[in-house]
Amino acid sequence: MENAALLAKIEALEASVALTKTVNAEVFYWWCTALMIAIHAGFLAYEMGASRAKNALASGLKNLLAFAFLVPTFYFFGWWIYLAFPTGFTVSEASSAGVAWGESMGPNLGDNASGIFWAAFTLFAATTASIMSGAVIERIRMSAFTILAILLGGFVWILGASWGWHPEGWLTTSWGLHDIGAAGCVHMIAGFFTLGVLINLGPRIGRFNADGTVNHIAGHNMPMSLIGLMIIVMGFFGFLGGCIIYNGGTWMTIYNTPTTLSAFAFNTLMGVAGGMIGSYLVTRDPFWMMSGALIGVISSAPGLDVYFPALAFLISFVGGCVIPKLADMLLVRFKIDDAVGAVAVHGFGGVWGLLAAGIFASGYPNVSGPAVSFSGQLMSVVVFAILGFAPGFAASYVLKMLGLLRTDPKIELAGLDISEVPVKAYPEASTIPAFTGEALSPAE
Amino acid sequence: MNSAPITTWEGAKAYFTFADQPGVLMVISALALAVCVGTIAAMIRHENACVRKANGA
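Chains as they are written, first to last, in my numbering: chain A, 1 to 444; chain B, 445 to 501.
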């Protein structure tokens, strides 16, 4: 009898431990998701501040629309795409778990994982749309932005994630891609998609003079942008936490290699600092210093699990020094009017991060596929760049041909808020020209 | 309307509304998608109206 009682107690204890692990995992991703919403609060403040006063609310509305539309889109299509295409374009059997009307895609007492993983990935999806939204402010049509955001966040990036940010993704199983923090599928794809859109969208009126020289277009609230950028950095702790597979007992990377949350803590913070210092050194500009924090996160993201923290600092420092110069080059040489430097920060930052992992994390073994190598990282960079750029360019080209991409010049000059938004951002300031649309020149 | 796919909580797994009726779930999903598409169409109409207003039409 005593043995039977003891066995029953052990069984009860084991069941309790298993339940605790399940609950711990659910709780972890729940709070990662909540923290990732801070990314969107940050982008909201950052982009409204980077807009002129006459466009502040329209810029913010765009961020809110992206968030609202990405949730259902990712529910209906995104999660299924992630599960369906790790091997390329062949639909995997595992995709049945992602069908919107399947048993896993709603309250289910036998499935504690699908909802929280879907939620975390949905916030990654919304982040890709937010990356694009800052670059296109003050002249894109709201509807065109929403359509492009859905394409990017609901379809394009998640195909890249299925290929390169999945335990069975072909970029890893074939080439050994190592991209723990999603620098490729999130940042690079969003950055290159944005580049494709910007080429068709064109610059804001007044950005360039007839001789090709550049006019500075200042946002109306730099302090709000700086606070927004810091909030994004905070949100990235949720983002990067969500990049780790936690089953309640052990921590693993998305590629099923072991890691710890401590590893991520060391290298995320050191990366943020390196990027900030690098960008400060080359610009002395607080806007770029805080963008440098993002550059730092992205530069170190692929190797957060393995870098020596001082190396992560240096990799991010180099990114922080170089990326602002590349943003200048895009503007001055190629006449790409990226209002917040998103292409350089996310697109080129992602390229640097992936290549840096090829240089400094080369030789680390993978569970599935060859060891990490520079050639594998380089080939993956090419795939991510094409996967991001081609659909962004093609979709925005079609919208342009249909006359749906860009707002009317009169509305652009008057300000999108006064034309399209039924409320005012600063009603008490209605007599100040910059707030009324009666700007003194197109760049004001 | 009985939307419950279960009659007891004992052994219940997928228990969300209409979980045992895939056809109904597809119709609801299609309606939700239609709301999204319709809102984008409304957005385009609103923008076109703003353009006409700005151009004095």
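Just so you know, even glycine gets a beta-carbon here, dropped at the ideal spot from N, CA and C.
{"Query": "Span of the alpha helix (DSSP H), counted from its first residue to its last, around G154(A)", "Result": "Per DSSP, G154(A) belongs to no alpha helix (DSSP H) and is neither H nor E."}
{"Query": "Contact test: S133(A) Cβ vs the ligand NAP heavy atom, cutoff 6 Å", "Result": "The ligand NAP is not part of this structure, which contains no ligands at all."}
{"Query": "Members of the stretch 93-124 of chain A near chain B, C-beta cut-off 7 Å", "Result": "A100, W101, E103, G106, P107, N108, L109, G110"}
{"Query": "Residues that R406(A) bridges to, as DSSP identifies them", "Result": "I140(A)"}
{"Query": "Proximity test, Cβ basis, 7 Å: P391(A) and chain B", "Result": "no"}
{"Query": "Member of G110(A), G248(A), G403(A), A310(A) whose CA lies at the smallest distance from the CA of A25(A)", "Result": "G248(A)"}
{"Query": "Partner residues on chain A for S473(B), Cβ-Cβ distance less than 7 Å", "Result": "F76, A100, W101"}
{"Query": "Segments of 4+ residues assigned as alpha helix (DSSP H) that fall wholly inside the stretch 19-56 of chain A", "Result": "none"}
{"Query": "Contact list for V495(B) against chain A, beta-carbon separation under 9 Å", "Result": "T407, D408, K410, I411, S419"}
{"Query": "Segment contact, 8 Å Cβ cut-off, at least three pairs: the stretch 396-413 of chain A with the stretch 194-201 of chain A", "Result": "yes"}
{"Query": "M483(A) in three-state terms, based on DSSP", "Result": "Nothing about residue 483(A) can be read from this structure; chain A reaches only from 1 to 444."}
{"Query": "Proximity of L151(A) and I81(A) at Cβ, strictly below 7 Å", "Result": "no"}
{"Query": "Within chain B, partners of P72(A) - CB distance below 9 Å", "Result": "A476, L477, V479, C480"}
{"Query": "Proximity of A66(A) and A129(A) at Cβ, strictly below 7 Å", "Result": "yes"}
{"Query": "Closest by C-alpha distance to E138(A), when choosing among N55(A), I217(A), G169(A)", "Result": "N55(A)"}
{"Query": "Contact under 7 Å by Cβ, A312(A) with N267(A)", "Result": "yes"}
{"Query": "First through last residue of the alpha helix (DSSP H) which encompasses P223(A)", "Result": "222-241"}
{"Query": "Whole-angstrom distance between I147(A) and L402(A), CA atom to CA atom", "Result": "13 Å"}
{"Query": "Against chain B: residues of the stretch 142-172 of chain A by CB proximity under 7 Å", "Result": "M142, S143, T146, I147"}
{"Query": "Contact with chain A by A456(B), beta-carbon distance below 7 Å", "Result": "yes"}
{"Query": "Closer than 7 Å to chain A by CB, A448(B)", "Result": "no"}
{"Query": "Outcome for M234(A) when other beta-carbon atoms lying within 10 angstroms are tallied against a minimum of 16", "Result": "exposed"}
{"Query": "Beta-carbon neighbours of M470(B), restricted to chain A and to distances below 7 Å", "Result": "W101"}
{"Query": "Closest Cα partner of A456(B) within the set W251(A), F317(A), L109(A)", "Result": "L109(A)"}
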